[in-house]
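Engineer: Structure below; questions to follow.
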Amino acid sequence: MLDIVKLSHRYITWFLHHKKVVPLVFLAPFLIVFLVFKVYPVILAIIMSFQNFQGIKSQDWVGFTNYENVFELVRFSQALTNTTVYTIGTLLVLIPLPLVLAVLLDSGRVIASTVFRVLIFLPALTSLVVAGTVFRLILAKDGFLNLFLEGALGMDRLRWLEVSELALPSLILIATWRWTGMNILYFNSGLVNIPSELYESAAIDGASPWQMFLRITLPMLRPTTFFVVVLSIIGGYQVFVEPFILYAGGAGPGDGGLTLALLIYRTAFTSFNFGTAAAMGVILALIIFIFSLIQFRFFGVLGGED
Amino acid sequence: MTATQFINPGKLGARRQSRLTKWLMFALFVCLAIVFIFPLYWMVVSSLRPEGRIFVDAMEIIPSALSLDTYRRLFEEEPYGIWFVNSITQTGGYAFMGVFLCTTGGYALAKFRFRYRNLLFILILVSQMIPFHLLIVSLFLMIIQMGMAETYQGAIVPLAASPIGIFFMRQYMLAIDDEMLNAARVDGASEYQIFWHVVLPNARPAIATLLILFCIEYWNNLLWPLIVFRKPENFPLAVGIKRLIDQYRQQYDLTMAGSTLATIPVIILFFFLRRQIMEGLATTGTGIK
Amino acid sequence: MSKLRLITLALVVAIVLGSFGMALAQDTTELSLWVFVDRHGLYMQNAAERWNEAHPDRPIEIVYEQIDYTQMHDNLLASLLVGMGAPDLADVEIKKFATFTKGDIQFLPLNEVIDPYREEIIESRLAPYTANGNNYGIDYHLGAFVMYYNTGILEEAGVDVDSITTWDDYIAAGQQVTRDADGDGEIDVYMASIEVTDIFSAYALMLMNGGGTYSADGEIILESEANIEALQFLQDLVHVHGIARPASGGGHHSPDHFIDLVEGRIASLWMPQWYMTRYPDNMASALADVAVVRPMPVFEEGGYTTTMGGGTGTAITNQIDPDKIALAAEFLTFAKLTYDANVLLWTDLGFDPMRLDVYDDEALLITMSDFSGEMPFIHIKAGLGNVAPEYTGPFYPEMATIFQTTGLYDLIENQMDPAEVLANAAEELRAMGAEF
Chain A
1 MLDIVKLSHR YITWFLHHKK VVPLVFLAPF LIVFLVFKVY PVILAIIMSF QNFQGIKSQD
61 WVGFTNYENV FELVRFSQAL TNTTVYTIGT LLVLIPLPLV LAVLLDSGRV IASTVFRVLI
121 FLPALTSLVV AGTVFRLILA KDGFLNLFLE GALGMDRLRW LEVSELALPS LILIATWRWT
181 GMNILYFNSG LVNIPSELYE SAAIDGASPW QMFLRITLPM LRPTTFFVVV LSIIGGYQVF
241 VEPFILYAGG AGPGDGGLTL ALLIYRTAFT SFNFGTAAAM GVILALIIFI FSLIQFRFFG
301 VLGGED
Chain B
1001 MTATQFINPG KLGARRQSRL TKWLMFALFV CLAIVFIFPL YWMVVSSLRP EGRIFVDAME
1061 IIPSALSLDT YRRLFEEEPY GIWFVNSITQ TGGYAFMGVF LCTTGGYALA KFRFRYRNLL
1121 FILILVSQMI PFHLLIVSLF LMIIQMGMAE TYQGAIVPLA ASPIGIFFMR QYMLAIDDEM
1181 LNAARVDGAS EYQIFWHVVL PNARPAIATL LILFCIEYWN NLLWPLIVFR KPENFPLAVG
1241 IKRLIDQYRQ QYDLTMAGST LATIPVIILF FFLRRQIMEG LATTGTGIK
Chain C
2001 MSKLRLITLA LVVAIVLGSF GMALAQDTTE LSLWVFVDRH GLYMQNAAER WNEAHPDRPI
2061 EIVYEQIDYT QMHDNLLASL LVGMGAPDLA DVEIKKFATF TKGDIQFLPL NEVIDPYREE
2121 IIESRLAPYT ANGNNYGIDY HLGAFVMYYN TGILEEAGVD VDSITTWDDY IAAGQQVTRD
2181 ADGDGEIDVY MASIEVTDIF SAYALMLMNG GGTYSADGEI ILESEANIEA LQFLQDLVHV
2241 HGIARPASGG GHHSPDHFID LVEGRIASLW MPQWYMTRYP DNMASALADV AVVRPMPVFE
2301 EGGYTTTMGG GTGTAITNQI DPDKIALAAE FLTFAKLTYD ANVLLWTDLG FDPMRLDVYD
2361 DEALLITMSD FSGEMPFIHI KAGLGNVAPE YTGPFYPEMA TIFQTTGLYD LIENQMDPAE
2421 VLANAAEELR AMGAEF
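Residue numbers (our numbering), protein chains in the order written: chain A, 1 to 306; chain B, 1001 to 1289; chain C, 2001 to 2436.
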């Protein structure tokens, strides 16, 4: 009896230390959770996108019907347009602005640059719930932003939260507030890696600061820039919490702030249409995936393999 | 003065700059800092306004009347203290589990050769690009079937296999000297002893960074806990605060107080561990979602 | 010896108490309930106490959870789909109800227990919670639309609130009331505010004009002439007569809107009766001296005098223990449909009853300090002459979403032709699979 225990114990020990088993043991915890909670739900969602899902007990295969439905929905094209405009808008602001600020902060000409870096970064630490609610107050009709526009700049008050044209600008404003500091951080880590010899020799050749910026800084920052661009695209296409909070569960006036993620949520839980929602999820994933492929190519993550 | 004087990327400071430029630059950044800090200031100020004044007094940049009444109401009318404790527990659980999975997994990916390793690595990276909304319905149905709805495990485990986390650890582990590991092997140490006594001590900075990043991530996370929990006594802070503004019940005063208290720990943590957080974020590129 | 006796005694007492406790535990039926309004949960708990007094042999305990609006419905839907995790009883809001009656219905029909009360209750109140002829939910209250006035503003403009009986009167009064009070060239006092991000303002007019989403026989009648007229009327209030404006923040529950009311920028608005609770709850009774309720203005003599807005039906889910079904159903009618319950609904909760026979009960004639010390019930009752019914159907939730998001926005902000607004909505419903 004892022998069997001993034997099996020894066998297990031998097994666990086997050269082929060791890596698996290390990998297993991550792999199991990854397969069960990431891979499996994706497969389930893809299956669901081809079904008329009415509950655990009733699912019929419907082919591409859900996908056809998606493209017939007016809201889908609206959400796709909104999300794309939002993403492009964040790119137009959140690439040049942090880049210039990072370069300035790195130039050694700003007193207490670390302090500024930290202060501008702080919003990135707040939760999106906080960002959404604070801006709900600031953007109110009698809110601070309007009083500022009116009092300091003599402009008319804008109905930030009440007209659909201002929904995306409001969301881009929140994104700018929250992500500028973070993107400065990325550009900063890119700048640190530019060898200073490049600038030294350029200075000897009599290059102006502007020329150096164009000829050295910008090209050397290309990988970082691209990385930030693709991160912004992935984040931009998934935007959900900001409008969800800003408009207290809705998508803003006239659905001006309706994003793809919000539409998926609404299709699943308001319209009970899990199949169509899943199909939208697949389409959203494909959009992001295409941009991600570009990221892999340019950023060279895979190139770094052994 | 021309624009070019502002845009000097060099680290040399070779050109002499006028005092004026320096002060203008300083002024520019002071303004920027004010703009970026203002919403946080506004959050704190709004939370301190007397009841019912939050929208009426929006023009008062420096409030004329302050009151801690909202905070009192926050703890009396809502289980805010419980949410706070829940957040700490769940955040801790998530961070430890995530770090455990990513450290062991990252080590395996970095230091062992096995079949399909690269394929697996690619798969993990690709999964980072999958929008959470694709998973949300099936994941939700899954945790209900597994009896994990309304539990801490249900909130934590499905998020714990972080692709970016394992990527970060793998990159760090790659830099660990193979000679060191082989030396330990020659000394007769088992693979597990090597991991415990050699790898972990060497990976300590990376582990600390990841732990902090995971903490911030979960602390601020809304979407998944929002779906897992329905009983207020189980909510973490973000869900609790979200609950205060519904389509038909929008309590912005309580929300501001709740947000202020929820933001303070993160900012304190940040000031203690600023370098690790900023460098960690710059390398992982996760951002905080 | 005495020690032994003491121990024996203690044992006996323990056994007796224990078995007594067990007997109690066995008899008390626990029913779980999800609500999204705390008042509803408390109401049901109070009803359970009254039930236990009336039926000591079959005691009930209500264990309720208040979950916020969106999340409760999402979670309930998923729990029902998966077949586990749902409570015994659940509140479902009217705009969400049809979502739950699509596909396999996971609620239990209540027809039999409702039957004894059909004579007394306003039966069209059951319509929103009915599918295929089965009643699946019972509402808490009637939710009749009334007009909320600020008499302070009206008097300043020389308008007597009781002189308004038709919409024409209302518009005429509105033109007196709407003005630029501080003289800065912008109008700052409006007769009415209307909702653009919620359906109440528009939907009341549609129903009172004989329209709505569904007809009595379940046809979608979105593009009916009655609806077009009603929406045209709403648009005209804003853009032709200039006496109404969209509520700040979009709806009548936005905090900026409550500020407008408190600051005296809005002279009136029409909302269901339950909006009365917002005066103490959201405006700290700031308008107690000037707020009154009056019956809705009518389009024409003999037309509908009011309609119902919003509502929440309590349903029994199919995940309830089969042994509890009969008791739960009987309790539900006890809590909501009996005479006494309907009296308490007004006196305790401040909601209008759905049984017509209690409207003559003198117990309901109480004054309310939040409404100028008047007896609001008199005015609510006065408006119930001819209640426009509301019929819902499978695409009601989608209709509400369309109106809340783009429909009313197009109508009011973009001044789109009402017929086009309705045609767009109809087209969108068809794209989602509605056939009509």
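Beta carbons are placed, not taken as given, at the ideal position from N, Cα and C, and that holds for glycine.
Strictly under 8 Å for the Cβ-Cβ distance: is GLY1308 of chain B near chain A by that measure?
Structural biologist: Nothing about residue 1308 of chain B can be reported from this structure: the residues present for chain B run from 1001 to 1289 only.
Engineer: May I ask you to list the residues that DSSP assigns as paired with MET2445 of chain C?
Structural biologist: Here chain C covers residues 2001 to 2436 and nothing more, so residue 2445 of chain C does not appear.
Engineer: On the criterion of 16 or more Cβ atoms from any shown chain inside 10 Å, does ASP205 of chain A qualify as buried, or is it exposed?
Structural biologist: exposed
Engineer: When you compare the CB of VAL1056 of chain B with every CB in chain C, is at least one pair closer than 8 Å?
Structural biologist: yes
Engineer: Applying the 10 Å Cβ sphere with the 16-neighbour rule, what's the burial state of PHE213 of chain A?
Structural biologist: Buried, by the Cβ-count rule.
Engineer: Let me know the secondary structure DSSP gives VAL2063 of chain C once reduced to three states.
Structural biologist: The answer is strand: DSSP assigns VAL2063 of chain C an E or B state.
Engineer: In the DSSP assignment, what are the bridge partners of ALA2244 of chain C?
Structural biologist: C:ALA2192
Engineer: Please state if the CB of ALA1108 of chain B and the CB of VAL33 of chain A are separated by a distance shorter than 8 Å.
Structural biologist: no
Engineer: Determine the direct distance from the alpha carbon of ALA2047 of chain C to that of ALA2341 of chain C, and round the result to whole angstroms.
Structural biologist: 8 Å
Engineer: Given a cut-off of 8 Å, decide if PHE1026 of chain B and VAL115 of chain A are closer than it, judged by their beta-carbon atoms.
Structural biologist: no
Engineer: Going by the DSSP bridge assignment, what does GLU2093 of chain C pair with across the sheet?
Structural biologist: C:THR2312
Engineer: Is it true that the stretch 1240-1248 of chain B meets the stretch 1125-1139 of chain B, where meeting means three or more beta-carbon pairs spaced less than 8 Å apart?
Structural biologist: These segments do not touch.
Engineer: What in chain C is Cβ-close to LEU1141 of chain B, meaning under 8 Å?
Structural biologist: Here the neighbours are ALA2078, LEU2081 and VAL2082.
Engineer: How big is the Cα-Cα spacing for ASN1118 of chain B and ASN1182 of chain B?
Structural biologist: 23 Å
Engineer: Anyone know if the C-beta pair for GLY1089 of chain B and TRP1219 of chain B falls short of 8 Å?
Structural biologist: The residue asked about is misnamed: residue 1089 of chain B is Thr in this sequence, not Gly. No, Cβ-Cβ distance for THR1089 of chain B and TRP1219 of chain B is not below 8 Å.
Engineer: Does ALA1149 of chain B get closer than 8 Å to chain C when you measure Cβ to Cβ?
Structural biologist: yes
Engineer: State yes or no: is the C-beta of ASP2139 of chain C within less than 8 Å of the C-beta of ARG2125 of chain C?
Structural biologist: In contact: ASP2139 of chain C and ARG2125 of chain C (Cβ atoms closer than 8 Å).
Engineer: Does DSSP put GLN51 of chain A in a helix, in a strand, or in coil?
Structural biologist: In the three-state reduction of the DSSP assignment, GLN51 of chain A falls in the strand class, which pools E and B.
Engineer: Quick one: give me the first and last residue of the beta strand (DSSP E) that ASP60 of chain A is part of.
Structural biologist: 59-61
Engineer: How long is the line joining the alpha carbons of ASP2370 of chain C and THR2178 of chain C, rounded to whole angstroms?
Structural biologist: 25 Å
Engineer: Run through DSSP, which three-state label would LEU2017 of chain C get?
Structural biologist: With a pLDDT of 49 at LEU2017 of chain C, under the threshold of 50, the predicted position of this residue should be treated as unreliable, though the coordinate-derived value follows. Helix, per DSSP.
Engineer: Mind listing the chain B neighbours of SER292 of chain A? Cutoff is C-beta to C-beta under 9 Å, in chain order.
Structural biologist: LEU1125, VAL1126, GLN1128 and MET1129
Engineer: With which residues is TYR2214 of chain C paired in a DSSP beta bridge?
Structural biologist: Paired residue(s): C:ILE2220.
Engineer: Using a Cβ cut-off of 8 Å (strictly closer), state whether SER127 of chain A contacts chain C.
Structural biologist: no
Engineer: Expressed to the nearest angstrom, what Euclidean distance is found between the alpha-carbon atoms of LEU1066 of chain B and GLY2302 of chain C?
Structural biologist: 55 Å
Engineer: Grab the span of the alpha helix (DSSP H) containing ALA1033 of chain B for me, first residue to last.
Structural biologist: 1019-1048
Engineer: Report, in whole angstroms, the separation of the C-beta atoms of TYR2149 of chain C and ALA2267 of chain C, which I expect to be a contact under 8 Å.
Structural biologist: 7 Å
Engineer: Could you have a look at GLU2030 of chain C and say whether DSSP puts it in helix, strand or coil?
Structural biologist: strand
Engineer: From GLY2264 of chain C to GLY2373 of chain C, what distance separates their C-alpha atoms?
Structural biologist: 19 Å
Engineer: If I measure Cβ to Cβ from VAL22 of chain A and keep anything under 8 Å in the same chain, skipping five residues before and after, which residues do I get?
Structural biologist: For VAL22 of chain A, where only same-chain residues beyond five positions count, the Cβ hits under 8 Å are LEU16.
Engineer: List the DSSP bridge partners of PRO2272 of chain C.
Structural biologist: C:PHE2145
Engineer: Tell me whether the stretch 2182-2189 of chain C and the stretch 2222-2232 of chain C touch, counting them as touching only if at least three CB pairs, one residue from each stretch, are closer than 8 Å.
Structural biologist: no
Engineer: By the 10 Å Cβ neighbour count, where 16 or more other Cβ atoms means buried, how is HIS2239 of chain C classified, buried or exposed?
Structural biologist: exposed
Engineer: Does TYR2203 of chain C pass the burial test, meaning 16 or more other C-beta atoms within 10 Å, or should it be called exposed?
Structural biologist: buried
Engineer: Could you tell me the alpha carbon to alpha carbon distance between ALA2098 of chain C and GLY2218 of chain C, rounded to whole angstroms?
Structural biologist: 12 Å
Engineer: So, using beta-carbon positions, are ILE174 of chain A and ALA131 of chain A closer together than 8 Å?
Structural biologist: yes
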